[in-house]
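A.B. asks: Those letters in the sequence shown? Residues 1 to 68, by the numbering used here.
Beta carbons are placed, not taken as given, at the ideal position from N, Cα and C, and that holds for glycine.
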Amino acid sequence: MDFTIPQEVEEIKKRVRDFVDNFAIPAEIHYDYDHGRMPEKITEELRKKLRISDFGLPIFQNRKEDLV
Numbered sequence: 001m002d003f004t005i006p007q008e009v010e011e012i013k014k015r016v017r018d019f020v021d022n023f024a025i026p027a028e029i030h031y032d033y034d035h036g037r038m039p040e041k042i043t044e045e046l047r048k049k050l051r052i053s054d055f056g057l058p059i060f061q062n063r064k065e066d067l068v
């Protein structure tokens with residue numbers, strides 16, 4: 001059996017890792033521990049960046065507020 005990860009999957013892994021390293025992790029400083037959530041403004045900014053990055057994630061394609 002060949003367990004080699006296809007090149008296109010490696011590229012997706014790199015893009016996801018870059019997004020997490022450059023946007024998601026730095027946004028953690030805004031986490032609101034008193035309310036147990038990320039402020040909506042920060043969440044919305046991350047969603048916009050996800051759309052721009054064109055990951056094509058179904059969760060962001062099916063939510064009405066994300067289609068605006």
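Since His30 contacts Ile42 with CB under 8 Å, what's their CB separation in whole angstroms?
C.D. replies: The count along the sequence shown starts at 1 and reaches residue 30 at position 30. The count along the sequence shown starts at 1 and reaches residue 42 at position 42. Between Ile42 and His30 the Cβ distance is about 5 Å, and since that is below 8 Å, they are a contact.
A.B. asks: For Lys49, which residues of its own chain have a beta-carbon under 8 Å away from its beta-carbon, when the five flanking residues on both sides are left out?
C.D. replies: On the sequence shown, residue 49 is found 49 positions in, with the first residue counted as 1. Cβ within range, chain order: Phe19, Phe23.
A.B. asks: Starting from the N-terminal side, write out each stretch of the alpha helix (DSSP H) that is 4 residues or longer and does not extend beyond the segment 18 to 58.
C.D. replies: Complete alpha helix (DSSP H) runs here, min 4: 40 to 53.
A.B. asks: In whole angstroms, what is the alpha-carbon distance linking Lys14 and Gly36?
C.D. replies: Along the sequence shown, one-based indexing puts residue 14 at 14. Along the sequence shown, one-based indexing puts residue 36 at 36. Distance between the alpha carbons of Lys14 and Gly36: 29 Å.
A.B. asks: What's the gap between the Cα of Pro26 and the Cα of Leu46?
C.D. replies: The sequence position of residue 26 within the sequence shown is 26, counting from 1. The sequence position of residue 46 within the sequence shown is 46, counting from 1. Straight-line Cα distance between these residues: approximately 11 Å.
A.B. asks: Reducing DSSP to helix, strand and coil, say where Ile5 ends up.
C.D. replies: Sequence index remark: in the sequence shown, residue 5 carries index 5 (1-based). Three-state DSSP puts Ile5 in coil, outside helix and strand.
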